[in-house]
Amino acid sequence: MDLPGLEWLRHVNGDRAAALEQFVTGWYPAAGATKSLSTSSSSRLPGGLEQLYRLAEQRPGALGTQNSILPEPDLHTDHLGEMLVFGVENQGGFFWSLLWTLDGLEADPTVWFRELDEEPIAEQEQLSGFLIQFSLFEASMGADYLALPRRLTAPQVEQLTQALHLVPLRPFWPWAPTHFYVAPGLVMYVSNEGGEEFDVWAGATHRSALDPLTDLPVDWTRFDG
Numbered sequence: 002m003d004l005p006g007l008e009w010l011r012h013v014n015g016d017r018a019a020a021l022e023q024f025v026t027g028w029y030p031a032a033g034a035t036k037s038l039s040t041s042s043s044s045r046l047p048g049g050l051e052q053l054y055r056l057a058e059q060r061p062g063a064l065g066t067q068n069s070i071l072p073e074p075d076l077h078t079d080h081l082g083e084m085l086v087f088g089v090e091n092q093g094g095f096f097w098s099l100l101w102t103l104d105g106l107e108a109d110p111t112v113w114f115r116e117l118d119e120e121p122i123a124e125q126e127q128l129s130g131f132l133i134q135f136s137l138f139e140a141s142m143g144a145d146y147l148a149l150p151r152r153l154t155a156p157q158v159e160q161l162t163q164a165l166h167l168v169p170l171r172p173f174w175p176w177a178p179t180h181f182y183v184a185p186g187l188v189m190y191v192s193n194e195g196g197e198e199f200d201v202w203a204g205a206t207h208r209s210a211l212d213p214l215t216d217l218p219v220d221w222t223r224f225d226g
């Protein structure tokens with residue numbers, strides 16, 4: 002079984018466009034041409050979003066399964082007309098947006114996380130890094146094969162991730178700062194809301210990708226390996 006590789010990982014802090022493309026095309030099989038998700042070549046959207054839309058034309062899963070990146074025709078400003086909303090939680094509890102100015106959008110803007118009417122909080126990575134993180138999170142959540150432990154302590158997390166590679170990005174998601182660990186065909190996220198226990202979720206493209214986790218002394222609620 003050929004598993005998606007990790008070539009993309011070496012580009013994460015050098016050429017993020019290459020990292021995003023290599024991860025998405027490796028993880029999602031091409032489904033054939035579909036309707037374009039981008040409006041025109043004159044769009045003033047940041048390159049990262051345009052790239053994701055191009056990738057999603059043959060790989061719709063790249064726009065998310067748990068949360069989602071809105072297709073370009075569905076992008077809209079917030080109620081104040083100051084922020085361009087581009088990503089939403091599946092139940093509408095929060096959204097991600099970019100600051101909209103008279104000059105349009107920056108090439109690699111800050112991403113703002115906002116829960117309903119709360120004040121927006123800046124994600125730690127600019128859009129180029131955020132889109133990699135978003136893609137990793139959604140890949141793990143939507144995977145066919147899962148490994149789900151009960152909440153873990155820090156030493157347990159360290160043991161669980163020893164055989165994996167840490168994705169070198171600052172934490173994703175202000176609610177519960179999240180790091181990502183990967184192996185061929187496997188994405189694991191580890192998040193913490195400030196306590197002593199961690200939430201862990203691993204998703205894989207094939208059950209064999211879960212082999213690095215097989216013999217660990219972990220109490221799994223689900224393990225598809």
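Numbered per my numbering, the sequence shown spans residues 2 to 226.
Think of the CB as a built atom: it goes at the ideal place given N, C-alpha and C, for glycine as much as any other residue.
1. Suppose only complete runs of 4+ residues qualify. What are the alpha helix (DSSP H) ranges in the segment 144 to 173, listed by chain order?
2. Name, in chain order, the residues that DSSP records as bridge partners for MET84.
3. Near GLY65, what residues of its chain come up, given a Cβ to Cβ distance below 6 Å and the 5 sequence neighbours on each side ignored?
4. On the premise that ASP200 lies in contact with ALA148, defined as a C-beta separation below 8 Å, what is that separation, rounded to the nearest angstrom?
5. If we ignore side chains and look at the alpha-carbon of each, how far apart do THR227 and TRP97 end up?
6. Take TRP28 as the anchor and find which of THR215, ILE133, HIS77 has the nearest alpha-carbon.
7. Would you identify the three-state DSSP class for GLN134, choosing helix, strand or coil?
8. Taking ALA144 and THR206 to be in contact with their CB atoms under 8 Å, please state how far apart those CB atoms are, rounded to whole angstroms.
9. Tell me which residues share the same chain as ALA108 and place their Cβ nearer than 8 Å to its Cβ, disregarding the 5 neighbours each side in the sequence.
10. Counting pairs of beta carbons, one from the segment 155 to 166 and one from the segment 81 to 93, are three or more of them closer than 8 Å?
11. Indicate whether VAL191 and VAL158 have their beta-carbon atoms separated by less than 7 Å.
12. Please state whether DSSP places TYR182 in a helix, a strand or coil.
13. Does the segment 113 to 133 come close enough to the segment 149 to 156 that 3 or more CB-CB pairs lie under 8 Å?
14. Smallest Cα separation from ASP220: which of VAL168, THR154, ARG208, PHE181?
15. Please state whether DSSP places TRP113 in a helix, a strand or coil.
16. Taking DSSP's pairing of strands, which residues face HIS77 in a bridge?
17. Quick check: what's the CA-CA separation for THR26 versus ALA177?
18. Which whole-angstrom value describes the C-beta separation of SER209 and LEU21, a residue pair presumed to lie in contact below a C-beta threshold of 8 Å?
Put simply:
1. 155 to 162
2. LEU100
3. GLU139
4. About 13 Å; that fails the 8 Å criterion.
5. Residue 227 falls outside the range modelled here, since the chain spans only 2 to 226, and no answer is possible.
6. ILE133
7. helix
8. 7 Å
9. PRO47, GLY48
10. no
11. yes
12. strand
13. no
14. THR154
15. strand
16. VAL86
17. 28 Å
18. At roughly 25 Å, the Cβ-Cβ gap does not stay under 8 Å, so SER209 and LEU21 are not in contact.
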